[in-house]
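Asker:
Numbering (our numbering), first residue to last: 482 to 816.
#1: Looking at chain B, is there any beta carbon in it that lies within less than 8 Å of the beta carbon of residue 636?
#2: Using only CA atoms, which one of 797, 761 and 809 lies nearest to residue 546?
#3: So, are the CB atoms of residue 512 and residue 484 less than 8 Å apart?
#4: For the structure I just gave you, are there three or more beta carbon pairs, one from the region 622-629 and one from the region 572-588, closer than 8 Å?
#5: Does the region 642-653 come into contact with the region 761-779, if we say contact requires no fewer than three beta-carbon pairs (one atom in each stretch) closer than 8 Å?
#6: Taking the CB atoms as reference points, tell me whether residue 643 and residue 782 lie closer together than 8 Å.
#7: Grab the span of the alpha helix (DSSP H) containing residue 586 for me, first residue to last.
#8: List in chain order: all unbroken beta strand (DSSP E) runs of 3+ residues lying wholly within the region 512-585.
#9: Identify whether residue 671 lies in helix, strand or coil by the three-state DSSP scheme.
#10: Here's a check: name, in chain order, each residue in its chain whose Cβ is nearer than 7 Å to the Cβ of residue 786, leaving out the five neighbours to either side.
#11: Looking only at DSSP bridge pairs, what is residue 712 linked to?
#12: Per the DSSP calculation, residue 719 is bridged to which residue(s)?
#13: Helix, strand or coil, according to DSSP, for residue 817 in the structure here?
#14: Around the C-beta of residue 542, are 16 or more other C-beta atoms found within 10 angstroms, so that it is buried, or is it exposed?
#15: Around the C-beta of residue 707, are 16 or more other C-beta atoms found within 10 angstroms, so that it is buried, or is it exposed?
#16: Find out if the Cβ-Cβ distance for the pair residue 509, residue 572 is shorter than 8 Å.
#17: Within its chain, find whatever has a CB closer than 6 Å to the CB of residue 506; leave out the 5 residues flanking it on each side and keep chain order.
#18: Nearest by alpha-carbon distance to residue 527: which of 619, 765, 574 and 519 is it?
#19: For a quick check, are the C-beta atoms of residue 754 and residue 614 less than 8 Å apart?
#20: Grab me the residues of residue 654's own chain with a C-beta within less than 8 Å of its C-beta, minus the 5 sequence neighbours each way, in chain order.
#21: Is the region 712-728 in contact with the region 682-689, if contact means three or more CB pairs nearer than 8 Å?
#22: What is the C-beta distance between residue 587 and residue 714, in whole angstroms, given that I count them as a contact (C-beta under 8 Å)?
#23: Which class does residue 783 belong to by DSSP, given the choice of helix, strand or coil?
#24: Give me the residue from 691, 636, 734 and 806 with the minimum Cα distance to residue 747.
#25: Please name the residue, chosen from 731, 574, 603 and 616, that lies closest to residue 590 on a Cα-to-Cα basis.
#26: Between 558, 638, 607 and 503, which has its C-alpha nearest residue 520's C-alpha?
#27: Looking only at its own chain, which residues have a Cβ that is under 7 Å from the Cβ of residue 603, when we skip the five neighbours before and after it?
#28: Compute the distance between the beta-carbons of residue 612 and residue 749, then report whether it is under 8 Å.
#29: Write down the C-beta distance between residue 514 and residue 567 rounded to the nearest angstrom, noting that I regard them as a contact closer than 8 Å.
#30: Can you tell me which of the three DSSP states residue 625 falls into?
#31: Please classify residue 778: does DSSP put it in a helix, a strand, or coil?
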């Protein structure tokens, strides 16, 4: 590798007192481009958001057959595809499995953590170019959703975003898991009992495939239908006895759907300099259609979105960062 990887520690004011008791200090991999140590040059920054179940350190996981994203960055710079930049790989792991990079009374203030704490830390500790036009935010799956959240809520911080297979059009990506989650919770007694058993089993052996829909729905409820005082500080979007959708709770989920919130945040999205959206045609969570709708909504409000599809599913598609980085990094402000 021509550049270097450093693992820094960021302390977040936004995460203090979070309901899950998750760490306030986060180990954060940082990619520094070739020449960083020997020059006084300042660089633009791309902030990466991982998907559900991920963590900051997972960006460094070695594979004998594929490149990590930091290795891909290094290769793109070496080939001259993109100019040098800094990459910050933000840790959003939580005790419930992750975050949608939003503020939540059930999980913590992860949107503030990213847009305020992490960016301020980078501008203070690294040789960045501290302005919105020199910053991009991108991610995949929940991280792709998070990139759209940052574009909606913090266009003053990020001028460029990329959403790879981001959660969108909730009717297709979540509803089909409601009956599975309801069955597991009914058997366990309630959500808290299921979650405690899940933690025990995961530590003793490993999670089972049937666990994911349940964990995912609980985590999304902690994000989309958070409610202090309820078990786990969340409201289920379905009746736990019948699995009937609770329309008033489901409506709160839909408010958080990018297909719905993009029109309400038209000025924010129009102010962005680059919006990239993609998804595989074989995505197992039906996110292809959500991506198409997101692109459609963005075009309706006058955003020149770049929307692409590729022949693959949801998993192991980090090679798609080659495309978004090649599009965005040359546009980042310099000097």
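Just so it is clear, CB atoms sit at the ideal spot from N, CA and C, and this is done for glycine as well.
Answerer: Per the coordinate set shown:
#1: Here there is only one protein chain, and chain B is not present.
#2: Comparing Cα-Cα distances from residue 546 to each of 797, 761 and 809, the minimum goes to 797.
#3: yes
#4: At 8 Å Cβ cutoff, the stretches touch.
#5: yes
#6: No.
#7: Neither: residue 586 is in no alpha helix (DSSP H) and is coded neither H nor E.
#8: 526-530 and 567-571
#9: The DSSP-derived three-state label of residue 671 is coil.
#10: Setting aside the 5 residues that flank it on each side, residue 786 is surrounded in the same chain by 756, 758, 776, 779 and 780, each with a C-beta closer than 7 Å to its C-beta; the list follows chain order.
#11: Paired residues: none, contrary to the question.
#12: 726
#13: Outside the shown range of the chain, which is 482 to 816, sits residue 817, and nothing can be said about it.
#14: exposed
#15: buried
#16: yes
#17: 490 and 492
#18: 619
#19: yes
#20: 648, 766, 767, 768 and 771
#21: no
#22: Contact flag correct, Cβ pair sits at about 4 Å.
#23: Three-state result, residue 783: coil.
#24: 636
#25: 574
#26: 607
#27: 526, 569 and 609
#28: no
#29: Taking the Cβ atoms as the reference, residue 514 lies roughly 7 Å from residue 567, within the contact range of under 8 Å.
#30: helix
#31: helix
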